[in-house]
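Working notes for the structure below.
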Ligand SMILES: NC(=O)c1ccc[n+]([C@@H]2O[C@H](COP(=O)([O-])OP(=O)(O)OC[C@H]3O[C@@H](n4cnc5c(N)ncnc54)[C@H](OP(=O)(O)O)[C@@H]3O)[C@@H](O)[C@H]2O)c1
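Residue numbers (the UniProt record's numbering): 1 to 313.
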């Protein structure tokens, strides 16, 4: 089968590899579609080499939607032919391959009315939002939430999940994404190209910040929080941010997304009832994945980039 392999840091290639074999508790999936996440090309470049949990070569890509081919012993909850989706564990063999194996606890069924492409782009962005906002953030009704990068994969899912939780959602985007963020459900959109977002937030503080940009803007998020507020970082906490949080009596926490079939099952219900809907801005064939990575590296992706396999076209 064909797979996108990371041979050594800086070198990726679509090559022919052996189809993976099933262990108990695993399910063999024919992959129909996947999506691009920044962690893919960050790991490939060596920038996040510390996340790699196995010897190279390693198959990249961690979001998938596909069809069950075979189940290992003990995986009676899924049957051949079932349409399923999952996020695989980051740093271990991924799913940019014609077939992959997934732990059954990481899988969820795709409801009949839900399109494969929507399920394929959802897992990492949704699980990150879920684990950051509902898990670490304990977000609840009427709380004020600021999402630092509202138009990206995580940002646009976090807006929708926060609206399901009935929070008040404030986001920042570039000028070209202001309308998009409102369409997705944001209550207030701050255009970082025409206004000082952090000065505005200091005058209008929030309960929770979802931070994803790293760099000098991270520490500015502390002053955007109400007393006892929470900064949830998905970019990694900087020492000056931790110090500023302590001084301001607010919590600062890093969240690293984990696979979770139960949360995906609940997300599937939200998709089925159109309470959440991922936005696909571009579709890239698997054979042109490097082009997709180059686009995502520019940092301007609106919503998600879908990756399709020949079996799905
Ligand atoms: N810790 C974890 O578990 C975890 C999980 C998932 C992702 N992440 C990380 O979180 C980050 C976001 O991931 P993603 O999948 O959402 O990436 P993405 O889809 O590539 O995000 C791109 C978006 O970022 C926005 N953006 C760029 N600069 C901005 C700025 N200065 N202010 C506001 N928005 C800005 C862009 O909107 P504009 O064009 O409007 O600026 C664009 O829509 C990445 O660094 C990723 O590695 C971490």
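Cβ coordinates follow ideal geometry from the N, Cα and C atoms, glycine included. In this text, all values refer to a predicted model and were calculated from it rather than measured experimentally.
(message) From the DSSP secondary-structure annotation, give me the bridge partner or partners of residue 58.
(response) Here residue 58 refers to the residue found at position 58 of the chain shown. Per DSSP, 6.
(message) Do residue 121 and residue 212 count as a contact pair if the criterion is CB distance below 8 angstroms?
(response) Indexing the chain shown from 1 puts residue 212 at position 212. Indexing the chain shown from 1 puts residue 121 at position 121. No; because the gap between Cβ atoms is not below 8 angstroms, this pair is not in contact.
(request) For residue 180, name the three-state secondary structure that DSSP assigns. (result) For the purposes of this step, residue 180 is taken as residue 180 along the chain shown, with counting starting at 1. Residue 180: helix per DSSP, three-state reduction.
(request) Kindly list the residues whose CB is nearer than 8 angstroms to the CB of residue 290, restricted to its own chain and excluding five residues on each side of it in sequence; keep chain order. (result) Within the chain shown, residue 290 is the residue found at index 290, counting from 1. So the list reads 12, once near-sequence residues are dropped.
(message) ligand 1 and residue 260: does any heavy atom of the ligand fall closer than 7 angstroms to the residue's C-beta?
(response) Taking the chain shown and counting its residues from 1, one reaches residue 260 at position 260. Taking 7 angstroms as the cut-off, the C-beta of residue 260 does not count as close to any heavy atom of ligand 1.
(message) Taking the alpha-carbon of residue 286 as reference, which of 189, 302, 33 and 9 has the nearest alpha-carbon?
(response) As a first step, residue 286 must be located in the chain shown, where it is residue number 286. Nearest option by C-alpha distance: 33.
(request) Tell me whether the beta-carbon of residue 7 lies closer than 8 angstroms to the beta-carbon of residue 57. (result) Numbered from its first residue, the chain shown carries residue 7 at position 7. Numbered from its first residue, the chain shown carries residue 57 at position 57. Less than 8 angstroms separates the beta-carbon of residue 7 from that of residue 57.
(request) Please state whether DSSP places residue 277 in a helix, a strand or coil. (result) Counting from one through the chain shown, the residue named residue 277 turns up at place 277. Here residue 277 sits in coil by DSSP.
(message) I need the DSSP call for residue 85, collapsed to helix, strand or coil.
(response) For the purposes of this step, residue 85 is taken as the residue at position 85 of the chain shown. Strand.
(request) Would you tell me roughly how many angstroms separate the C-alpha atoms of residue 99 and residue 151, rounded to the nearest one? (result) As a working mapping, residue 99 is identified with position 99 in the chain shown. As a working mapping, residue 151 is identified with position 151 in the chain shown. Spanning the two alpha carbons is a distance of roughly 31 angstroms.
(request) Take residue 135 and list the residues in its own chain whose beta-carbon comes closer than 8 angstroms to its own, dropping the five residues that flank it on each side. (result) Looking up residue 135 in the chain shown gives position 135. For residue 135, where only same-chain residues beyond five positions count, the Cβ hits under 8 angstroms are 255.
(message) ligand 1 and residue 186: does the residue's C-beta get closer than 7 angstroms to at least one heavy atom of that ligand?
(response) The residue given as residue 186 occupies position 186 in the chain shown. Because no heavy atom of ligand 1 lies under 7 angstroms away, the Cβ of residue 186 does not count as near it: no.
(request) Going by CA-CA distance only, name the one from 138, 172 and 175 that's closest to residue 162. (result) For the purposes of this step, residue 162 is identified with residue 162 of the chain shown, where counting begins at 1. If we check each option's Cα against that of residue 162, 138 comes out closest.
(request) Please name the residue, chosen from 46, 66, 61 and 52, that lies closest to residue 4 on a Cα-to-Cα basis. (result) Looking up residue 4 in the chain shown gives position 4. Among 46, 66, 61 and 52, the Cα nearest to that of residue 4 belongs to 61.
(message) I need the DSSP call for residue 67, collapsed to helix, strand or coil.
(response) For this step, residue 67 is matched to residue 67 along the chain shown. Strand.
(message) Going by DSSP, what residue range makes up the alpha helix (DSSP H) through residue 129?
(response) Translated into the one-based positions of the chain shown, residue 129 becomes position 129. That run of the alpha helix (DSSP H) goes 123 to 129.
(message) Less than 7 angstroms separating the Cβ of residue 128 from some heavy atom of ligand 1?
(response) Translated into the one-based positions of the chain shown, residue 128 becomes position 128. Yes, since a heavy atom of ligand 1 falls inside the 7 angstroms radius drawn around the Cβ of residue 128.
(request) Would you kindly report the start and end of the unbroken beta strand (DSSP E) that includes residue 93? (result) Residue 93 sits at position 93 when you count from the first residue of the chain shown. It is not in any beta strand (DSSP E) - residue 93 carries neither H nor E in the DSSP assignment.
(message) Do residue 26 and residue 101 count as a contact pair if the criterion is CB distance below 8 angstroms?
(response) Taking the chain shown and counting its residues from 1, one reaches residue 101 at position 101. Taking the chain shown and counting its residues from 1, one reaches residue 26 at position 26. Yes, the Cβ-Cβ distance between residue 101 and residue 26 is below 8 angstroms.
(message) By the DSSP assignment, the alpha helix (DSSP H) with residue 310 in it spans what residues?
(response) Residue numbering aside, residue 310 sits at position 310 when the chain shown is read from its first letter. Residue 310 -> no alpha helix (DSSP H), and no H or E assigned at all.
(message) With three or more C-beta pairs closer than 8 angstroms as the rule, is the region 173 to 185 touching the region 199 to 207?
(response) Flag = no, the region 199 to 207 and the region 173 to 185 do not touch.
(message) Using a Cβ-based criterion (distance less than 7 angstroms to any ligand heavy atom), does residue 235 qualify as near ligand 1?
(response) Translated into positions along the chain shown, residue 235 becomes position 235. True, at least one ligand heavy atom lies under 7 angstroms from that Cβ.
(message) Which complete beta strand (DSSP E) runs does the region 212 to 237 hold, if anything under 3 residues is left out?
(response) DSSP runs (the beta strand (DSSP E)) wholly in the region 212 to 237: 225 to 233.
(message) Output needed for residue 263: all residues of its chain with C-beta closer than 7 angstroms, excluding positions within five of it in sequence on either side, in chain order.
(response) Within the chain shown, the letter at position 263 stands for residue 263. Around residue 263: 127 and 130.
(request) Check each candidate in 38, 22 and 21 and name the one with the smallest Cα separation from residue 300. (result) Looking up residue 300 in the chain shown gives position 300. Comparing Cα positions, the closest option is 38.
(message) For residue 109, list the residues DSSP reports as bridge partners.
(response) Mapped onto the chain shown, residue 109 falls at position 109. According to DSSP, residue 109 bridges with 84.
(request) Determine the contact status of residue 108 and residue 69, defining contact as a CB-CB distance below 8 angstroms. (result) Along the chain shown, read from residue 1 onward, the residue named residue 108 stands at position 108. Along the chain shown, read from residue 1 onward, the residue named residue 69 stands at position 69. No, they are not a contact pair.
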